[in-house]
Every structure is written in structure tokens, then in C-alpha cells.
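Only one structure is covered here, and it is reproduced in the block below.
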């Protein structure tokens, strides 16, 4: 029943989102959520968990809403004040140093060669993987053959490059899982939050780090034939902007998109919120968190993601948990290895990868998500590391 409902809902979603047709889509989503509630109750009974926790257990074993909710509440309170501050500071900086536009002439093959060079530099084994093109970047395959894809725009090399770095983070995790346990559950990756922490670590902690760009700019110039200064490139790399679309959001505003979904999907699963009331509930939170309205635009509101039409409830927290875990891992790493930024500026990723291999990659699924983080960093999930990371990069 659920497979049929999910397939029908996903197909309708692809068609009706393009038409901004919430009324046509609503009955299909209602059918999916009725079955999700049934599934959540069955899983909860079997596992001895709350229904929403039982759904999260599919994606992040060990994570519980009672632990995540206060951390997200702390982060939300910070971001609602920090987003306007970051935007104001950005305008001040741009007034002093106007944005150098991208030239808009980046051949796809040159961008691909740049991506391959970056993949190899940060540690990807090109003899056991590949880089291809798709409509949306992703990472798949098996540890011995990891397939990365990205998408290219000839007007913007950064979007493809950041996609490559993000997916390379996923790939490094897969390529470095314990080979002795490759065909056992213990040898698999430990859930989606940990996987996201590894991809975001490479994209955000490394790939948007000014030290990284001191090394990367000559590589970009070699492949694309365009010279950039660090002061010219960083405003593009660190751009902050309020927007409706989660997948296009920057690292400052992105968590608010996730927290909105986390809150709403708990209410949908519990029955406190019905699908008919979802557009208004979504709009209320978007206005509150980001000052934007979606009431007349459900395609960019509750119809935006494939997750709910596909019955993937309990998945959304993984994205922001991953970002927070990545910041916490970077903080722990730099305490032990204070010269990490200097390493990045030289294009030396060996010590950084050695730390991650020992603390995360080699552990496979040995520990639950919370236990793995605590063993790697010395403490439980702590929002402070992520907020301090944002303050340092986007604040005064």
C-alpha cells in the first residue's frame, strides 16, 4: 500500500509542483501521511520508541527528538537574530569592496578537469571512482567504486565546484570505511547525519575556508584561465541571502529551512497538523524565520521537496545535524592540530584526513550517531561550535 501511494504521490508531485497546483496534490499527500502515521505507530511499538523517533531511526540510529529539539531551538533563536546581522555586514563589506562579477565563460570540460583536480587533492581515489553529470549532484556506488555527479553552468564555476566538494566528502567516507568489514553491517556508514557531516566538512569547513582558497586560487586559474584575488572570490563563496528554496540556501540560512520542516513533520506525524492546513502553517514559519511568504506559492513552500511525497519523514534533521557535527569535528581537530589552516593554505590534507579516518571513517557503524560524535570530539552534540563557526565567518 505504501509503495503504491508513494509512487503515485511522487509522480503527481513532479507534475503538479511545476503547475503550482496544491489542490490537486493535497489528496495524494494525505494518503501518504495516513500510511506514514500507521507505519510510525508500528515501528514505535516494535522498537519501544516515540513514533517520530521510530521514523528517524531508519536514517540516524540513536538520535532522539528529545535531544535534538532543544539544540535546534537554541540554534533557531541564534539564527533569527544573526541572519539580519550577517546580511547587514555583507552590505557594508560590498559597499567598500564591490562584488567582482563572474565572467560567465567557463567551458564545461575545463570545469570538469578542475573538479577532478580538487577531488584528487582532498583525497579521493580516482582509480576507484568517477565524476559524471546529472540534474542534481549526488554520490552513489559502493566503496570500491564511488560515483560522483555534479551539474554545470557555463556562467558560474562555483556552483559545480562546491557540488563536487560536497559529494567528495560523501565519497571519502565511503572509500575509507573499514575494508575488513566491507560485507557486514558494521562496515557500513553510520546514518545520514554522519554522512552529511562528512560532505559538509569538505564543502564548508574546508571548501569555504579562506585558507583553502589561498591554495585553490592558482588551481582555478590554471584550469579556467581567470585570475582572482582572495578578496574578490570570498564574497561569492560566503554569499548570504534570504530565499525560499532549501537546496539553494547558504550555510547561514539553511538550518532555518530544515528546522521549519523538522517542526512541521513532527506535527504531521502526530496528527496535530493536517495536510489541508500545511500551506498556512508553512507560511507562518517562513515569515517568522526568514521574513518571506509562500502562501500564494505552494510550489516553493510545502511542495518544494521530494521527501514528503516519497514518505521520507524523519530525514530532514540529518542535514542540519550534519552541519553542526561537521563544525564540532573541525573544532576538535583544530584543538589537536592547530596548524590545520596552514595545511589547507598549502593544499596539504593529509593530517586532516588522518584525523577523520581514525575518528569517523574507520569506525563504520560500530557506534550510534550520538556515541560516534562523542567519541570523536569528546562531547555530545553542542550547537555552540556551529554558531561560533558562523560568527567567525559571517559576523564581525
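In our numbering, the protein residues as written are 107 to 502.
No residue lacks a Cβ here, since even glycine has one placed at the ideal position from N, Cα and C.
Only a predicted model underlies this, so the values are computations on that prediction, with no experimental measurement involved.
Which of helix, strand or coil DSSP assigns to residue 426: Translated into positions along the chain shown, residue 426 becomes position 320. Of the three classes helix, strand and coil, the one that applies to residue 426 here is helix, per DSSP.
Can you name, in chain order, every residue of its own chain whose Cβ lies under 8 Å from the Cβ of residue 195, other than the five neighbours on each side? Your numbering for residue 195 matches position 89 in the chain shown. Around residue 195: 500, 501 and 502.
I need the DSSP call for residue 237, collapsed to helix, strand or coil. To locate residue 237, count along the chain shown from 1; it is residue 131. Strand, per DSSP.
Close Cβ partners of residue 274 (< 7 Å) along its chain, the five nearest in sequence each way excluded: Along the chain shown, read from residue 1 onward, the residue named residue 274 stands at position 168. So the qualifying residues of the chain are 225, 228, 230, 254 and 308.
Should residue 497 and residue 341 be called a contact, given that it needs their Cβ atoms to be closer than 8 Å? Here the question's residue 497 lines up with position 391 in the chain shown. Here the question's residue 341 lines up with position 235 in the chain shown. Their beta carbons are not under 8 Å apart, which means residue 497 does not touch residue 341 by this criterion.
Is the region 436-454 close to the region 239-257, with three or more CB pairs under 8 Å? no
In terms of residues, what are the limits of the alpha helix (DSSP H) holding residue 130? Your numbering for residue 130 matches position 24 in the chain shown. Per DSSP, residue 130 belongs to the alpha helix (DSSP H) from 128-153.
Which residues DSSP lists as bridging residue 189, in chain order: As a working mapping, residue 189 is identified with position 83 in the chain shown. Residue 189 is not bridged to any residue.
Can the beta-carbon of residue 449 be found closer than 8 Å to that of residue 458? Numbered from 1 along the chain shown, position 343 holds the residue referred to as residue 449. Numbered from 1 along the chain shown, position 352 holds the residue referred to as residue 458. Yes, the pair counts as a contact, with Cβ atoms nearer than the cut-off.
State buried or exposed for residue 351, treating a residue as buried only when at least 16 other CB atoms are found within 10 Å of its CB. As a first step, residue 351 must be located in the chain shown, where it is residue number 245. Residue 351 comes out exposed.
I need the boundaries of the beta strand (DSSP E) containing residue 254, first residue and last residue. Counted from its first residue, the chain shown places residue 254 at position 148. Note, residue 254: beta strand (DSSP E), 251-256.
Can you list, in chain order, the residues of its chain whose CB lies under 7 Å from that of residue 186, leaving out five sequence neighbours each side? As a working note, residue 186 is residue 80 in the chain shown. The residues are 395.
Assuming residue 356 contacts residue 346 under a Cβ cut-off of 8 Å, what Cβ separation, rounded to an integer in Å, is found between them? Start at 1 with the first residue of the chain shown, and residue 356 comes out as number 250. Start at 1 with the first residue of the chain shown, and residue 346 comes out as number 240. Between residue 346 and residue 356 the Cβ distance is about 5 Å, and since that is below 8 Å, they are a contact.
Would you check if the distance between the CB atom of residue 266 and the CB atom of residue 235 is smaller than 8 Å? Counted from its first residue, the chain shown places residue 266 at position 160. Counted from its first residue, the chain shown places residue 235 at position 129. No, they are not a contact pair.
Three Cβ pairs or more, each shorter than 8 Å: is that satisfied between the region 284-292 and the region 171-186? no
By DSSP, does residue 358 sit in helix, in strand, or in coil? Mapped onto the chain shown, residue 358 falls at position 252. In the structure shown, residue 358 sits in coil (DSSP, three-state: anything other than H, G, I, E or B).
In the DSSP assignment, what are the bridge partners of residue 259? Position 153 of the chain shown, counting from 1, holds the residue named residue 259. According to DSSP, which records beta bridges pairwise, residue 259 is partnered with 262.
Relative to the C-alpha of residue 479, which residue among 495, 140 and 462 is closest? Here residue 479 corresponds to residue number 373 of the chain shown, with the count starting at 1. For residue 479, the nearest C-alpha among the options comes from 462.
Identity of the residue in 131, 142, 127 and 128 nearest residue 371 by Cα: Against the chain shown, residue 371 aligns to sequence position 265. Comparing Cα-Cα distances from residue 371 to each of 131, 142, 127 and 128, the minimum goes to 142.
Does the region 320-336 touch the region 146-153, meaning 3 or more C-beta pairs lie closer than 8 Å? no
For residue 246, which residues does DSSP report across the bridge? Working through the chain shown from its first residue, we reach residue 246 at position 140. Looking at the DSSP assignment, residue 246 forms a beta bridge with 253.
When you compare only the Cα positions, how much space is there between residue 414 and residue 366? Counting from 1 along the chain shown, the entry for residue 414 is found at position 308. Counting from 1 along the chain shown, the entry for residue 366 is found at position 260. Taking the straight line from one Cα to the other gives about 14 Å.
Can you give the beta carbon distance from residue 451 to residue 299, rounded, assuming they're within the 8 Å contact cut? The residue labelled residue 451 in the question sits at position 345 within the chain shown. The residue labelled residue 299 in the question sits at position 193 within the chain shown. Contact flag wrong, Cβ pair sits at about 30 Å.
Please list the terminal residues of the continuous alpha helix (DSSP H) segment that includes residue 110. Here the question's residue 110 lines up with position 4 in the chain shown. Residues 108-124.
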